[in-house]
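Chemist:
In our numbering, the protein residues as written are 178 to 299.
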(Lines of atoms letter the chains of each structure in order from A and count residues from 1; the text may use other names and numbers.)
(Lines give C-alpha, C1' and ligand atoms only; values in the text may rest on other atoms or scores of the structure.)
Protein backbone atom coordinates (compact mmCIF):
# COMPACT_ATOMS: atom_id res chain seq x y z
CA UNK A 1 0.00 0.00 0.00
CA UNK A 2 2.78 2.42 0.92
CA UNK A 3 4.70 1.53 -2.23
CA UNK A 4 1.64 2.28 -4.38
CA UNK A 5 1.21 5.62 -2.61
CA UNK A 6 4.84 6.56 -3.28
CA UNK A 7 4.52 5.55 -6.94
CA UNK A 8 1.33 7.61 -7.29
CA UNK A 9 3.00 10.55 -5.57
CA UNK A 10 6.01 10.28 -7.91
CA UNK A 11 3.69 10.23 -10.94
CA UNK A 12 1.92 13.32 -9.60
CA UNK A 13 5.21 15.17 -9.11
CA UNK A 14 6.33 14.19 -12.64
CA UNK A 15 3.06 15.62 -13.96
CA UNK A 16 3.73 18.84 -12.06
CA UNK A 17 7.23 19.02 -13.55
CA UNK A 18 5.78 18.63 -17.06
CA UNK A 19 3.29 21.40 -16.27
CA UNK A 20 6.14 23.63 -15.16
CA UNK A 21 8.03 22.91 -18.39
CA UNK A 22 4.94 23.84 -20.42
CA UNK A 23 4.50 27.00 -18.35
CA UNK A 24 8.10 28.01 -19.01
CA UNK A 25 7.63 27.34 -22.74
CA UNK A 26 4.49 29.48 -22.71
CA UNK A 27 6.36 32.27 -20.95
CA UNK A 28 9.12 32.16 -23.57
CA UNK A 29 6.57 32.25 -26.40
CA UNK A 30 4.75 35.15 -24.74
CA UNK A 31 8.01 37.07 -24.43
CA UNK A 32 8.87 36.30 -28.05
CA UNK A 33 5.52 37.68 -29.19
CA UNK A 34 5.85 40.77 -27.03
CA UNK A 35 2.96 39.93 -24.69
CA UNK A 36 5.29 40.18 -21.67
CA UNK A 37 8.49 42.15 -21.19
CA UNK A 38 11.93 40.67 -20.64
CA UNK A 39 11.77 41.83 -17.05
CA UNK A 40 8.46 40.03 -16.54
CA UNK A 41 9.88 36.94 -18.23
CA UNK A 42 12.90 37.02 -15.91
CA UNK A 43 10.73 37.22 -12.81
CA UNK A 44 8.36 34.51 -14.02
CA UNK A 45 11.24 32.26 -15.07
CA UNK A 46 12.97 32.59 -11.71
CA UNK A 47 9.74 31.75 -9.86
CA UNK A 48 9.05 28.80 -12.16
CA UNK A 49 12.62 27.51 -11.87
CA UNK A 50 12.46 27.79 -8.07
CA UNK A 51 9.23 25.78 -7.97
CA UNK A 52 10.72 23.26 -10.39
CA UNK A 53 13.72 22.73 -8.10
CA UNK A 54 11.39 22.10 -5.19
CA UNK A 55 9.49 19.47 -7.18
CA UNK A 56 12.73 17.89 -8.44
CA UNK A 57 13.93 17.56 -4.84
CA UNK A 58 10.61 16.03 -3.83
CA UNK A 59 10.76 13.57 -6.74
CA UNK A 60 14.34 12.63 -5.85
CA UNK A 61 13.29 11.89 -2.25
CA UNK A 62 10.37 9.74 -3.40
CA UNK A 63 12.53 7.83 -5.88
CA UNK A 64 15.12 7.28 -3.14
CA UNK A 65 12.41 5.75 -0.93
CA UNK A 66 11.24 3.57 -3.82
CA UNK A 67 14.80 2.33 -4.47
CA UNK A 68 15.31 1.62 -0.77
CA UNK A 69 12.07 -0.35 -0.67
CA UNK A 70 13.01 -2.31 -3.80
CA UNK A 71 16.42 -3.11 -2.30
CA UNK A 72 14.82 -4.20 0.98
CA UNK A 73 12.38 -6.41 -0.90
CA UNK A 74 15.20 -8.01 -2.89
CA UNK A 75 17.20 -8.61 0.30
CA UNK A 76 14.15 -10.23 1.90
CA UNK A 77 13.66 -12.49 -1.12
CA UNK A 78 17.34 -13.43 -1.01
CA UNK A 79 17.06 -14.31 2.67
CA UNK A 80 13.97 -16.42 1.94
CA UNK A 81 15.89 -18.32 -0.75
CA UNK A 82 18.82 -18.82 1.64
CA UNK A 83 16.50 -19.98 4.42
CA UNK A 84 14.85 -22.46 2.04
CA UNK A 85 18.28 -23.73 1.02
CA UNK A 86 19.28 -24.23 4.65
CA UNK A 87 16.02 -25.92 5.63
CA UNK A 88 15.80 -28.14 2.57
CA UNK A 89 19.42 -29.19 2.46
CA UNK A 90 20.64 -29.06 6.05
CA UNK A 91 21.54 -32.74 6.19
CA UNK A 92 23.40 -32.66 2.89
CA UNK A 93 25.30 -29.39 3.45
CA UNK A 94 28.89 -29.43 4.65
CA UNK A 95 29.85 -27.37 7.72
CA UNK A 96 31.80 -25.03 5.44
CA UNK A 97 28.58 -24.43 3.47
CA UNK A 98 26.37 -24.04 6.54
CA UNK A 99 28.44 -21.36 8.27
CA UNK A 100 28.17 -18.61 5.62
CA UNK A 101 24.47 -19.37 5.13
CA UNK A 102 23.80 -19.06 8.86
CA UNK A 103 25.84 -15.83 9.03
CA UNK A 104 23.69 -14.43 6.24
CA UNK A 105 20.45 -15.38 8.00
CA UNK A 106 21.10 -14.79 11.71
CA UNK A 107 21.11 -11.28 13.09
CA UNK A 108 21.86 -12.28 16.68
CA UNK A 109 21.34 -14.92 19.30
CA UNK A 110 19.91 -13.76 22.62
CA UNK A 111 20.76 -15.96 25.60
CA UNK A 112 18.56 -15.79 28.70
CA UNK A 113 18.26 -17.84 31.88
CA UNK A 114 15.27 -19.71 30.47
CA UNK A 115 16.80 -20.41 27.08
CA UNK A 116 17.89 -18.64 23.94
CA UNK A 117 16.31 -16.93 20.96
CA UNK A 118 17.68 -16.81 17.42
CA UNK A 119 16.78 -13.56 15.68
CA UNK A 120 16.90 -13.53 11.90
CA UNK A 121 18.00 -10.51 9.91
CA UNK A 122 15.14 -8.20 8.93
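Here a beta-carbon is modelled for each residue, glycine too, at the ideal position from N, C-alpha and C.
In this text, all values refer to a predicted model and were calculated from it rather than measured experimentally.
Return the chain-ordered list of same chain residues with a C-beta closer than 8 Å to the C-beta of residue 256, the five sequence neighbours on each side being excluded.
Modeler: Position 79 of the chain shown, counted from the first residue, corresponds to residue 256. The residues are 281, 282, 297, 298.
Chemist: Here's a check: name, in chain order, each residue in its chain whose Cβ is nearer than 6 Å to the Cβ of residue 287, leaving out the five neighbours to either side.
Modeler: The count along the chain shown starts at 1 and reaches residue 287 at position 110. Cβ neighbours of residue 287 beyond the five flanking positions: 294.
Chemist: Alpha carbon to alpha carbon, how far is residue 191 from residue 224?
Modeler: The residue you call residue 191 lines up with position 14 of the chain shown. The residue you call residue 224 lines up with position 47 of the chain shown. Answer to the nearest angstrom: the Cα atoms are 18 Å apart.
Chemist: Around the C-beta of residue 276, are 16 or more other C-beta atoms found within 10 angstroms, so that it is buried, or is it exposed?
Modeler: Here residue 276 refers to the residue found at position 99 when the chain shown is read from its first residue. Exposed, by the Cβ-count rule.
Chemist: Looking at residue 194 and residue 243, is the spacing between their C-beta atoms short of 8 Å?
Modeler: For the purposes of this step, residue 243 is taken as residue 66 along the chain shown, with counting starting at 1. For the purposes of this step, residue 194 is taken as residue 17 along the chain shown, with counting starting at 1. Against a cut-off of 8 Å, the Cβ pair of residue 194 and residue 243 comes out as no contact.
Chemist: Can you look up residue 210 in the DSSP assignment and give me helix, strand or coil?
Modeler: Numbered from its first residue, the chain shown carries residue 210 at position 33. Looking at residue 210 - three-state DSSP - the assignment turns out to be coil, as it is neither helix nor strand.
Chemist: Within the continuous alpha helix (DSSP H) that includes residue 234, where are the two ends?
Modeler: Along the chain shown, one-based indexing puts residue 234 at 57. Here the alpha helix (DSSP H) through residue 234 covers 215-266.
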